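Comments concern the structure below.
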Amino acid sequence: VQSGEGQGSIHSMAAPMRAWAGGVTALLLCCLTYGAAFNQPSVLRNAGVSCGIRGALKNLAASRATGAPRDCGIIWSADGLKSTRLMARRSFPIVMAAPMYTAQSAVVAESCEVSGNGRSRLLRLEGLEHDVNYEPGHVLAIEVEWEGKVLKGPYTVTRADTSRRSIDVIYRVISDASTPVAGDEKHAAIGVRKTTLFSKLAQGDRAAFGGSFHVPIARGISSKGVEHVVLVSSGVGVGPMIGFVEQCMQQWHSSQGSTDAPGSGRDADKGDMEPDLAHLKSLRVTLFAGYRDVDDQVCRELLDKYAKASEGRFKWYSCLSGEGATFDSEIAT
Numbered sequence: 112v113q114s115g116e117g118q119g120s121i122h123s124m125a126a127p128m129r130a131w132a133g134g135v136t137a138l139l140l141c142c143l144t145y146g147a148a149f150n151q152p153s154v155l156r157n158a159g160v161s162c163g164i165r166g167a168l169k170n171l172a173a174s175r176a177t178g179a180p181r182d183c184g185i186i187w188s189a190d191g192l193k194s195t196r197l198m199a200r201r202s203f204p205i206v207m208a209a210p211m212y213t214a215q216s217a218v219v220a221e222s223c224e225v226s227g228n229g230r231s232r233l234l235r236l237e238g239l240e241h242d243v244n245y246e247p248g249h250v251l252a253i254e255v256e257w258e259g260k261v262l263k264g265p266y267t268v269t270r271a272d273t274s275r276r277s278i279d280v281i282y283r284v285i286s287d288a289s290t291p292v293a294g295d296e297k298h299a300a301i302g303v304r305k306t307t308l309f310s311k312l313a314q315g316d317r318a319a320f321g322g323s324f325h326v327p328i329a330r331g332i333s334s335k336g337v338e339h340v341v342l343v344s345s346g347v348g349v350g351p352m353i354g355f356v357e358q359c360m361q362q363w364h365s366s367q368g369s370t371d372a373p374g375s376g377r378d379a380d381k382g383d384m385e386p387d388l389a390h391l392k393s394l395r396v397t398l399f400a401g402y403r404d405v406d407d408q409v410c411r412e413l414l415d416k417y418a419k420a421s422e423g424r425f426k427w428y429s430c431l432s433g434e435g436a437t438f439d440s441e442i443a444t
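Residue numbers (our numbering): 112 to 444.
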């Protein structure tokens, strides 16, 4: 979100916190209430705690009722002084600053298909500079070079191995930029998509990754009173779910030496069990994984094996939405 002009000096922590809260509240309320109508050539300038959110929304609605052209951006000011007002101005999209992170050089350790149609793939990168501290559900940035440019984007961690400094991500290969996609001017200008480049990476190729964002799945589950976790995913979003199930498997079988993670290329030794994840040991887990077609299913054999080895603690179901597809009720055992 861009900051408005004329920001005043802030002399205490209370003022910026109130201004921040007011600005974010206005942004959320506008998005929720007028999400479908966020299309005016106007700027909502929110001045903080006494900004008059109700008045801003009223003005936004009035502007909409007059039939003004649509397209809008939101700006909030942190000075807590100006009143909220709607200003006619050339439209521009909401702009959010990219998060800052430090990337480390990495090498491709593995790149392989994980779906029947080959469009979903696993990429494993091993860091070359320092240890990694990721868990399933963390979001990081992956960088690759192409014709002198560094292309980067956010991807969700499927699993990580601290001993090898490696991370796995599962991604879907999108059609190359030569195939036009509505609203995809960015990639059309660059001439290639990152996932296309990822699919062409071979063992030993160089890349980079860094940053650590979002709360990992296991850390978002209370350590008290939770008995059954239901996971819902769509497409390659099943990746971190698989990693979470592996964390549970490690806890369920921690007294049996090691838990093989077929297809992941690694073993989870009981000596690496994290004490603060002990609450996973008592969980039951059910996964509903959504796909369009049967061939879109990711790591089906791996999930089948986990369901069988879990002794009833893990079940999963594939939900297909394509034409003629049916709910697959024969997967979980």
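Quick reminder that beta carbons are idealized off the backbone N, C-alpha and C, glycines included.
Please read all numbers here as calculations on a predicted model, not as lab measurements.
With 16 other Cβ atoms within 10 Å as the buried cut-off, status of residue i
i	result
residue 324	exposed
residue 406	exposed
residue 274	exposed
residue 208	exposed
residue 354	buried
residue 282	buried
residue 212	exposed
residue 242	exposed
residue 255	buried
residue 321	buried
residue 338	exposed
residue 223	exposed
residue 349	buried
residue 387	exposed
residue 258	exposed
residue 424	buried
residue 347	buried
residue 284	buried
Residues that DSSP places opposite residue i in a beta bridge
i	result
residue 309	BP columns for residue 309 are empty, so no partner.
residue 237	218, 277
residue 253	264, 320
residue 363	Answer is none; residue 363 lacks a bridge partner.
residue 428	399
residue 341	397
residue 245	None, per the DSSP bridge assignment.
residue 410	According to DSSP, residue 410 bridges with nothing at all.
residue 272	277
residue 231	283
residue 226	409
Residue i beta carbon near the ligand ADP (any heavy atom closer than 7 Å)
i	result
residue 422	Among the ligands in the structure shown, none appear at all, so the ligand ADP cannot be discussed.
Sequence-distant residues of its chain with Cβ nearer than 6 Å to residue i (five each side left out)
i	result
residue 314	219
residue 401	345, 430
residue 433	403, 404
residue 264	305
residue 245	268, 271, 278
residue 250	265, 267, 324, 325
residue 210	none
residue 421	none
residue 330	none
Nonlocal neighbours in the same chain, by C-beta distance under 7 Å from residue i, ignoring five residues either side
i	result
residue 351	247, 248, 267, 268, 269, 328
residue 392	362, 363
residue 310	232, 284
Cut-off 8 Å between Cβ atoms - residues of its own chain near residue i, not counting five sequence neighbours on either side
i	result
residue 335	390
residue 277	220, 235, 236, 237, 238, 243, 271
residue 225	231, 232, 233, 281, 374, 409, 410
residue 308	255, 257, 262
residue 228	404, 406, 407
residue 316	218, 219
Rounded Cβ spacing between residue i and residue j (contact assumed at less than 8 Å)
i	j	result
residue 262	residue 305	5 Å
residue 332	residue 340	6 Å
residue 214	residue 252	7 Å
residue 318	residue 312	7 Å
residue 359	residue 394	6 Å
Short CB-CB distance (under 8 Å) between residue i and chain B
i	result
residue 336	Checking the listed chains, one finds no chain B in this structure; it contains a single protein chain.
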